[in-house]
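Trainee: In this text, residue positions in the sequence shown follow the numbering used here: the first is 7, and each later residue adds one.
C-beta atoms are modelled at their ideal positions from N, C-alpha and C, and glycine is treated no differently.
Pasting a structure below so you can have a look.
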Amino acid sequence: MATTVSETKDSGEANSKWLDAHYDPVANLYTFASCIALADLHGDGENKLVVGDLGTGASNMKLKVYKGTSLVSENMLLDLPTGLVSFLMDQHEPRTPAIAVASGPFIYIYKNLRPYFKFTLPSLEVNPLEQEVWTQAKEDMIDPTSLKEMLEGIRETAEIPLSVRSLKFLMLERQAMENFVSIHKQQPIRRQTVITCISTLKKNMAEEDAVSCLVIGTESGDVYVLDPEAFTILSKMSLPSVPTLMDVTGQFDVEFRITVACRNGNIYVLRRDSSRPRYCIELTSHPVGLVRIGKNVVVGTADETLLGYTQKGKKLWTVNLPAPVVTMATMDHHTRGFQAVLVGLANCQVQLYRDKNLVSTIKTPDVVTSICFGRYGREDGTLIMTTKGGGLIVKILKRTAVFDDRDTVPGPPLAQSVRLNVPKKTKLYVDQTLRERENGVAMHRAFQMDLIRLRLTAARAYAKALECSLTPVSASLTEPLKMNAVVQGLGPTFKLTLYIQNTAACKPAMGLAVCFLYDQTLYSMKTTFFKIPLLVPGLNYPFETFVECLSDRGISDIIKVFILREGISAPLLTAHINMPVSEGLALS
7 MATTVSETKD SGEANSKWLD AHYDPVANLY TFASCIALAD LHGDGENKLV VGDLGTGASN
67 MKLKVYKGTS LVSENMLLDL PTGLVSFLMD QHEPRTPAIA VASGPFIYIY KNLRPYFKFT
127 LPSLEVNPLE QEVWTQAKED MIDPTSLKEM LEGIRETAEI PLSVRSLKFL MLERQAMENF
187 VSIHKQQPIR RQTVITCIST LKKNMAEEDA VSCLVIGTES GDVYVLDPEA FTILSKMSLP
247 SVPTLMDVTG QFDVEFRITV ACRNGNIYVL RRDSSRPRYC IELTSHPVGL VRIGKNVVVG
307 TADETLLGYT QKGKKLWTVN LPAPVVTMAT MDHHTRGFQA VLVGLANCQV QLYRDKNLVS
367 TIKTPDVVTS ICFGRYGRED GTLIMTTKGG GLIVKILKRT AVFDDRDTVP GPPLAQSVRL
427 NVPKKTKLYV DQTLRERENG VAMHRAFQMD LIRLRLTAAR AYAKALECSL TPVSASLTEP
487 LKMNAVVQGL GPTFKLTLYI QNTAACKPAM GLAVCFLYDQ TLYSMKTTFF KIPLLVPGLN
547 YPFETFVECL SDRGISDIIK VFILREGISA PLLTAHINMP VSEGLALS
């Protein structure tokens, strides 16, 4: 591709995964993602960019072809294009694809950039009451005023909608009705639908250069599959609403799935063996983008949300976006085996998502209205975007670019979205389930009995611990205290350290004292009573003293510790300290 690659100077762009190949802010390209495609139109190995340009919306609609950065071809279009696809319609050499442009009720087929064939949608059934009313008007049996009243009554009650002619007549002012009737009353009434979306479906092989059928959705809620050579209708399927977005996978002669987003806010899945939808996905907001990644469907909705579903309609994940979705496209890099979703947002950003993980963000100078990724020229990883102001942006993926699977936005970890490998139900599991159903009351009573016994055992253990002072915690609510004792040394002299803590929320403890009670024939203490200073809540206060063993018979005893308050005879806290055997005297 003849492009000039310009490296940006700031460090943010230098670390980007994309090269800026081309940007033309005045390319005058006004299109959507459904009207842009990449195709090797001449069989020379270089893909061209084919765009259905909307022009001003009322005029200057064109079919434009770009090679590199230059416009090489233009063809005038008679009406606004609603979709554009490239497809191979035969096996003839050279294998050059045709371009199908959907516009109104017609599909214009171009081959070698020249008009080749024009397909027209079949006419719909006309309301018989409407036919009879226009017959009376043709024979001058009723005047235009009566005709209008009768058509309004038919529109309100009939199941078959009125034709375009009748709808235009009902919109006219009284003075223009007579002239309209005189012009159109001799012409037969036709009710014609229009095409809303278009895609392609492989005929019988899945290869890249296989022959493809055209799949079109219409305003009447029908989906047609067209033969690629004779352009006859191979299959017709009906939907409950008007299709607006479409994604097709599979082969027509084998098995295929057509995923369609409709105007009623639902997504339907059509299959080969059914003329009606097999699955329905009900969305909370209207879909504005629909792409398929593997076996999953990714939908962008109008409430700034990106949703992931299985092909059977089960929701997999949800991502909240920073701005409304404008357009979506698939990024399928075959050489790297990388698939992701490109989402164009209204805040001049294009975000790249792999599953629900944001792996890259591209900032654009204007709001992007269409995205296309694929082979352009001879470069495989080319990203083409058009903007709201008519600009054209071309970026090339760096060969050294690496996309991490980790999410770049805060949220739950990636492992949380991995589905658990739940084993299948075994015979033992089924038998246990039946047993629980049949003996539920007896099992509940046994459980309650065991629970009561456990509570009784715990209560007895707690009472014993309080009685033996094995857990030196104060039972007083007014003076909540906690004490731990540590004995250090081999003997005959031991170092006894008491760690006392005030566990109250905010009330300090004052006026406390510590007293020791022991066998004076075995032990001797220099200090048997001392006062404790103010205890601040939450802090651990150490108090040290020394104990000397007087016996040489290698025996030990307990030392009782009491925490007292002045003026109160009962201790606030009592603890028993098991003294170790004095090894010093035994050796001597």
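Kindly indicate which three-state DSSP category T439 falls into: helix, strand or coil?
Mentor: Stepping through the sequence shown from its first residue, residue 439 is reached at position 433. Here T439 sits in helix by DSSP.
Trainee: For D96, collect the residues of the same chain with a Cβ closer than 8 Å to its Cβ; drop the 5 residues on either side in sequence, then sort them by chain order.
Mentor: Start at 1 with the first residue of the sequence shown, and residue 96 comes out as number 90. So the qualifying residues of the chain are V217, P234, E235.
Trainee: Of all the options R282, L60, P249, D50, which has the alpha carbon lying nearest to the alpha carbon of E99?
Mentor: Within the sequence shown, residue 99 is the residue found at index 93, counting from 1. The option with the nearest alpha carbon to E99 is D50.
Trainee: Residues bridged to N508 by DSSP?
Mentor: Taking the first residue of the sequence shown as 1, we reach residue 508 at position 502. N508 is bridged to L487.
Trainee: Would you kindly check if the distance between the Cβ of L245 and the Cβ of Y274 is under 7 Å?
Mentor: Working through the sequence shown from its first residue, we reach residue 274 at position 268. Working through the sequence shown from its first residue, we reach residue 245 at position 239. Contact flag set, yes.
Trainee: What separation, rounded to the nearest whole angstrom, lies between the Cα atoms of Q526 and D563?
Mentor: Position 520 of the sequence shown, counted from the first residue, corresponds to residue 526. Position 557 of the sequence shown, counted from the first residue, corresponds to residue 563. Q526 and D563: Cα-Cα distance of roughly 11 Å.
Trainee: Spatial neighbours of T126 within its chain, please: C-beta separation below 7 Å, excluding the five flanking residues on both sides.
Mentor: On the sequence shown, residue 126 is found 120 positions in, with the first residue counted as 1. Result list for T126: P111, F112, in chain order.
Trainee: Ignoring anything shorter than 3 residues, give me the beta strand (DSSP E) runs that lie fully in the segment 148–225, in order along the chain.
Mentor: Those beta strand (DSSP E) runs which fall completely within the segment 148–225 and span 3+ residues are 201–208, 218–224.
Trainee: Relative to the C-alpha of A104, which candidate in Q142, E225, L47, A465 has its C-alpha closest?
Mentor: Locating residue 104 in the sequence shown gives position 98, where the first residue counts as 1. Closest by alpha carbon: L47.
Trainee: Tell me which residues share the same chain as I42 and place their Cβ nearer than 6 Å to its Cβ, disregarding the 5 neighbours each side in the sequence.
Mentor: In the sequence shown, the residue the question calls residue 42 occupies position 36. Excluding positions up to five away in sequence, the list reads V57, S376, C378.
Trainee: What is the rounded straight-line gap between the Cα of V149 and the Cα of D228?
Mentor: Along the sequence shown, read from residue 1 onward, the residue named residue 149 stands at position 143. Along the sequence shown, read from residue 1 onward, the residue named residue 228 stands at position 222. A small correction: the amino acid at residue 149 is Asp; Val does not occupy that position in the sequence shown. Distance between the alpha carbons of D149 and D228: 36 Å.
Trainee: Is it buried or exposed, G89, if we count other Cβ atoms within 10 angstroms and call 16 or more buried?
Mentor: Reading the sequence shown from its first residue, position 83 is the one you call residue 89. Per the 10 Å Cβ criterion, buried.
Trainee: Which of the three DSSP states is assigned to M449 in this structure?
Mentor: Stepping through the sequence shown from its first residue, residue 449 is reached at position 443. Here M449 sits in helix by DSSP.
Trainee: Taking only the alpha-carbon atoms, compute the straight-line gap between G256 and I222 and give it to the nearest angstrom.
Mentor: Numbered from its first residue, the sequence shown carries residue 256 at position 250. Numbered from its first residue, the sequence shown carries residue 222 at position 216. Going by the C-alpha atoms only, they are around 16 Å apart.
Trainee: If you run the structure through DSSP and keep just helix, strand and coil, what is K470?
Mentor: Indexing the sequence shown from 1 puts residue 470 at position 464. Residue state, collapsed to three classes: helix.
Trainee: Could you pull the DSSP bridge partners for W323 from this structure?
Mentor: Against the sequence shown, residue 323 aligns to sequence position 317. In the DSSP output, where bridge partners are listed per residue, W323 has G314.
Trainee: Candidates N272, P134, F258, A464: which alpha carbon is nearest A212's?
Mentor: On the sequence shown, residue 212 is found 206 positions in, with the first residue counted as 1. Nearest C-alpha to A212: F258.
Trainee: By the 10 Å Cβ neighbour count, where 16 or more other Cβ atoms means buried, how is M585 classified, buried or exposed?
Mentor: Reading the sequence shown from its first residue, position 579 is the one you call residue 585. Its Cβ being crowded by 16 or more others within 10 Å, M585 is buried.
Trainee: Which residues bound the alpha helix (DSSP H) around P134?
Mentor: Reading the sequence shown from its first residue, position 128 is the one you call residue 134. That run of the alpha helix (DSSP H) goes 134–144.
Trainee: For D215, does the count of other Cβ atoms within 10 angstroms reach 16, so buried, or fall short, so exposed?
Mentor: Position 209 of the sequence shown, counted from the first residue, corresponds to residue 215. Looking at its Cβ environment, which holds fewer than 16 other Cβ atoms inside 10 Å, D215 is exposed.
Trainee: When the Cα of K208 is compared with those of G314, M449, P514, F93, which residue comes out closest?
Mentor: Against the sequence shown, residue 208 aligns to sequence position 202. Minimum Cα distance to K208 is reached at F93.
Trainee: Where does the unbroken beta strand (DSSP E) through L579 begin, and where does it stop?
Mentor: To locate residue 579, count along the sequence shown from 1; it is residue 573. It spans 579–584 - the beta strand (DSSP E) in which L579 sits, taken as one unbroken run.
Trainee: How would you label N326, buried or exposed, when you count the other beta carbons within 10 angstroms and need 16 or more for buried?
Mentor: Taking the first residue of the sequence shown as 1, we reach residue 326 at position 320. By the 10 Å Cβ count, N326 comes out exposed.
Trainee: What do you get for S391, buried or exposed, if any count of 16 or more other CB atoms within 10 angstroms of its CB means buried?
Mentor: As a first step, residue 391 is located in the sequence shown; it is residue number 385 there, counting from the start. The question names Ser, but residue 391 is Met in the sequence shown. Burial call: buried.
Trainee: Apart from the five residues on each side of it in sequence, which residues of its chain come closer than 6 Å, Cβ to Cβ, to D338?
Mentor: As a working mapping, residue 338 is identified with position 332 in the sequence shown. Answer for D338: Q345, listed in chain order.
Trainee: DSSP beta-bridge partners for Q526?
Mentor: For this step, residue 526 is matched to residue 520 along the sequence shown. In DSSP, Q526 forms no bridge with anything.
Trainee: Report yes or no: do the segment 499–506 and the segment 540–556 share at least 3 C-beta pairs separated by less than 8 Å?
Mentor: Yes, the segment 499–506 is in contact with the segment 540–556.
Trainee: Looking only at C-alpha atoms, which of R384, E136, A182, A465 sits nearest to G74?
Mentor: Here residue 74 corresponds to residue number 68 of the sequence shown, with the count starting at 1. Of the listed residues, the one whose Cα sits closest to G74 is R384.
Trainee: Please check the pair V332 and G350, which I expect to be a contact at CB under 8 Å, by giving their CB distance rounded to whole angstroms.
Mentor: To locate residue 332, count along the sequence shown from 1; it is residue 326. To locate residue 350, count along the sequence shown from 1; it is residue 344. Contact flag correct, Cβ pair sits at about 5 Å.
Trainee: Give the secondary structure of C595 by DSSP, where H, G and I count as helix, E and B as strand, and everything else as coil.
Mentor: Any question about residue 595 goes unanswered here, given that the chain covers just 7 to 594.
Trainee: If I follow the unbroken beta strand (DSSP E) through K242, where does it start and stop?
Mentor: One-based indexing of the sequence shown puts residue 242 at position 236. Note, K242: beta strand (DSSP E), 239–244.
Trainee: Considering just the uninterrupted stretch of the beta strand (DSSP E) at L25, what are its terminal residues?
Mentor: Indexing the sequence shown from 1 puts residue 25 at position 19. L25 -> beta strand (DSSP E) spans 24–30.
Trainee: Nearest to F175 by CA position, among S152, P371, G517, L358, is which residue?
Mentor: Here residue 175 is taken as the residue at index 169 of the sequence shown, counted from 1. The option with the nearest alpha carbon to F175 is S152.
Trainee: Determine the DSSP secondary structure at T551, reduced to helix, strand or coil.
Mentor: To locate residue 551, count along the sequence shown from 1; it is residue 545. If DSSP states are grouped into helix, strand and coil, T551 belongs with the strands.
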